[in-house]
Amino acid sequence: MSLLDLSDLAIQAGELSLVDGVTLDVHPGEIVALVGESGSGKSLTALSIVDLLGEGLRVTRGSRRFDGADLTPKRLRKLRGQDIAMIFQEPVSSLNPLMPVGAQVAESLIVHGTASESEAQSAAIDMLRRVGIPDPDRRATQLPAELSGGMCQRVMIAAALISRPRLLIADEPTTALDVTIQAQILSLIRDLTREQGTAVLLITHDMGVVAEMADRVCVMYGGRVVEQGAVHDLFAAPRHPYTDMLLRTMPRPDDPPKEPLFAIKGSVPGPRDWPSGCRFRSRCPRADAACTERPPLQGDGHRAACFHPMRPT
Amino acid sequence: MTLLQIEDLKVHFPVRTGRFGGGKGTVRAVDGVSLSIDARETLALVGESGCGKSTLGNAVLGLAPVTAGTIQFDGQDLGTLSTAARKRLWRDMQVVFQDPVSALNPRRSIASSIAEPLIIHGWSGSIPDRVTELMELVGLNADQRTRRPQALSGGQRQRVVIARALALNPRLIICDEPVSALDVSIQSQILNLLMRLQAELDLSYLFISHDLSVVRHIADRVAVMYLGTVVEDGPASAVFSDPVHPYTQALMSAIPLPDPSRRDRGDRVLLQGDLPSPLDPPSGCPFRTRCPLAEPRCAETRPALTPQGPGHRAACLVQDRNPGGPPA
Chain A
262 MSLLDLSDLA IQAGELSLVD GVTLDVHPGE IVALVGESGS GKSLTALSIV
312 DLLGEGLRVT RGSRRFDGAD LTPKRLRKLR GQDIAMIFQE PVSSLNPLMP
362 VGAQVAESLI VHGTASESEA QSAAIDMLRR VGIPDPDRRA TQLPAELSGG
412 MCQRVMIAAA LISRPRLLIA DEPTTALDVT IQAQILSLIR DLTREQGTAV
462 LLITHDMGVV AEMADRVCVM YGGRVVEQGA VHDLFAAPRH PYTDMLLRTM
512 PRPDDPPKEP LFAIKGSVPG PRDWPSGCRF RSRCPRADAA CTERPPLQGD
562 GHRAACFHPM RPT
Chain B
268 MTLLQIEDLK VHFPVRTGRF GGGKGTVRAV DGVSLSIDAR ETLALVGESG
318 CGKSTLGNAV LGLAPVTAGT IQFDGQDLGT LSTAARKRLW RDMQVVFQDP
368 VSALNPRRSI ASSIAEPLII HGWSGSIPDR VTELMELVGL NADQRTRRPQ
418 ALSGGQRQRV VIARALALNP RLIICDEPVS ALDVSIQSQI LNLLMRLQAE
468 LDLSYLFISH DLSVVRHIAD RVAVMYLGTV VEDGPASAVF SDPVHPYTQA
518 LMSAIPLPDP SRRDRGDRVL LQGDLPSPLD PPSGCPFRTR CPLAEPRCAE
568 TRPALTPQGP GHRAACLVQD RNPGGPPA
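Chains as they are written, first to last, in the numbering used here: chain A, 262 to 574; chain B, 268 to 595.
Put into structure tokens, the structure is as follows:
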């Protein structure tokens, strides 16, 4: 049974549609990547799960279920920080600048009443050690400003995982970090979640990160899911032209250097400029009259929303 | 022909340290770098944040103070030129920054932004004609000339920034993370544009980037920086396929490959720890605190760049393929 279940989720800002019918599930212990470019709706989809949509944004349709029951605001208050944890892109701005990092890691245990203050503090130091912070006793007393960006991201991971959540939502967790630190943080997320059996919803724009981490992938474009499937199937044989072209635009080690790269024409349209029907059709070489209708997500396991897929579904 | 020649460049910044700013220290942002760029060549400068790569680019542009060393452009030492001569030289050297939103004045039309360097440097021909020509050169529609930057997409804005950089027919463009702020599906358009312009206009690029997949594709030569120094440089093909320095090896193996079947490859070098503070760099080799191969002698002497192959140099005592040979 799936742990997280989103069905036909829609999010609007006033009358403007930003996410339009996202269906997605995450099973226990699984890493699912939600991938897309700016404005694809991937972060809004993730934020809506924990009810952190900003002012003026609301869920207008669909259901969000966790462990078989609807995510009501009351239920979320209990789950958030305990069964569902979140880490964000900017570690420095996500931490409280005036609170020692040890106390921030310990906070969720104290708030949810699962440990006394002193138990929580020693659990926090232990967790800081497990995320690879050297000298955790001393570091726990320091403020975020005294730590590097990579260390702040470890602190956030420690704070998210200390309550052994069942679902971790990681929104671009390594985008602000350098590649050698990114490699450390990704392997840390993978090892710790595997060890604790935590499911991960990983939001990213980077297909390289997806290929490194995910079991399954969900590709979004223009507020909709255009393709989903197991990571090996999707990379080996993408079905939606957008996924196919996105993978082809990435420079690869065996490409002849200095030759023109494959490019997708046009630019990513904003939500006010989404075409009717298939939202990729204004940039798609395979588009024809049929694409003015909305394509349904079709297929078994590996699914794509396209009338002219790269391979038959 | 060498267009830009940098010799033993140092850029140090005095800073106050300690919680209350009572101490004094020096950030050695660039600490003895020698590099050269030939005409029509792309030299990529790679490394992680804080390694000094952007400061180096800024020093070439006159935007960061040179503490020691020389920068020669086309045989002229920038440090000894008069202000008027430097101003003339700046026509030959332009810059494209990472974020096209903050690089463009939101209240000006894009034609007016592109025309600005033409006005400042007294363009002799028709400025509107030149703006049209530039817009077409970078793939913008000349009908868009009266639009403001916010009416354009990120990729189009970066095209405006590139058109402005090209206005005075420069010979060198410093590209500081030119595609990092763009959507993935747009990056290859801009990279293709940069490669086409280089071929058409005989441009040289100093291409500053942390994205090694991009660098591998676009660069002729690569210089890898760590904590203000170059630890390895050479032809892109040699540095990527046969890296000598342990830091370069770690950097290469940390690139996430878009191929899930290779995720568990065993050759990955995971580095421990963080970049040391440039206020207080380690003695000897700057990389030794994170290096999996470090030996006691690495703390004693700072390794010099030594030849490892044709045009290929690295600064490592342990991995040196030509120990005892002459310094490069």
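Just so you know, even glycine gets a beta-carbon here, dropped at the ideal spot from N, CA and C.
Check	Outcome
In DSSP terms, what A491 (chain A) is bridged to	A:R477
Beta-carbon proximity list for G551 (chain B), same chain, < 7 Å, skipping 5 on both sides	C565, A566, E567, T568, R569
Buried or exposed by the 16-neighbour rule on C-beta atoms within 10 Å, applied to F507 (chain B)	buried
Coarse secondary structure for C442 (chain B), derived from DSSP in three states	strand
Residue burial classification, L330 (chain B) (beta-carbon count within 10 angstroms, cutoff 16)	exposed
Contacts that V470 (chain A) makes with chain B (C-beta to C-beta distance below 8 Å)	P523
For V613 (chain A), the residue or residues it bridges with in DSSP	As displayed, chain A neither begins before 262 nor continues past 574, which places residue 613 (chain A) out of reach and without an answer.
Under 9 Å between C-beta atoms of P608 (chain B) and P559 (chain B)	Absent from the model: residue 608 (chain B). The displayed extent of chain B is 268 to 595, so no value can be given.
Contact between the region 406-413 of chain B and the region 444-452 of chain B (3+ Cβ pairs under 8 Å)	no
D505 (chain A) versus M519 (chain B): straight-line alpha-carbon distance, rounded	25 Å
Below-9 Å beta-carbon distance, L538 (chain B) vs any chain A residue	yes
Cβ-based burial, G578 (chain B) [other Cβ within 10 Å; buried from 16]	exposed
Length at least 3, wholly inside the region 381-455 of chain B: the beta strand (DSSP E) runs in chain order	439-443
Alpha-carbon spacing of G363 (chain A) relative to T402 (chain A), whole angstroms	6 Å
Own chain residues within Cβ distance below 6 Å of A491 (chain A), not counting five before or after	R477
9 Å Cβ cutoff, S409 (chain A) in contact with chain B	yes
Own chain, CB closer than 7 Å to R483 (chain B), minus 5 neighbours either side, in chain order	A503, F507
Given K335 (chain A) as reference, the closest of A:G323, A:F349, A:D312, A:G302 once Cα atoms are compared	A:D312
Coil, strand or helix - R319 (chain A) by DSSP	strand
Candidates B:A326, B:G422, B:W390, B:V327: closest to D366 (chain B) by CA position	B:G422
R451 (chain A) beta carbon less than 9 Å from that of I348 (chain A)	no
Min CB distance H466 (chain A) to chain B below 9 Å	yes
Euclidean distance between Cα positions of S537 (chain A) and A551 (chain A)	11 Å
Beta carbon of S471 (chain B) nearer than 9 Å to that of L435 (chain B)	no
Contacts around I442 (chain A), its chain only, beta-carbon distance under 6 Å, and the 5 residues preceding and following it disregarded	G411
Rounded straight-line distance, which links the Cα of L422 (chain A) to that of I345 (chain A)	9 Å
Residue range of the alpha helix (DSSP H) that includes H569 (chain A)	No alpha helix (DSSP H) contains H569 (chain A), which DSSP labels as neither H nor E.
Proximal residues of chain A, C-beta to C-beta of L458 (chain B) below 7 Å	L522
Inter-residue Cα distance where the pair is M228 (chain A) and T306 (chain A)	The question about residue 228 (chain A) has no answer, for chain A in this structure spans 262 to 574.
Inter-residue CB distance, G361 (chain A) and L404 (chain A) (contact presumed, cutoff 8 Å)	The residue asked about is misnamed: residue 361 (chain A) is Pro in this sequence, not Gly. The pair is a contact, with the Cβ atoms about 6 Å apart (cut-off 8 Å).
P525 (chain B) versus G290 (chain B): straight-line alpha-carbon distance, rounded	47 Å
Nearest residue (CA-CA) to V285 (chain A), options A:H569, A:M474, A:A524, A:A565	The sequence shown places Leu at residue 285 (chain A), rather than the Val named in the question. Looking at the Cα atoms, A:A565 is the closest of the given residues.
Continuous beta strand (DSSP E) stretch holding I338 (chain B): start and end	335-340
Buried or exposed (CB count within 10 angstroms, at least 16 for buried), G484 (chain A)	buried
Residue from A:S383, A:H493, A:P512, A:F568 whose Cα sits closest to the Cα of R529 (chain B)	A:H493
Against chain A: residues of the region 315-344 of chain B by CB proximity under 8 Å	E315, S316
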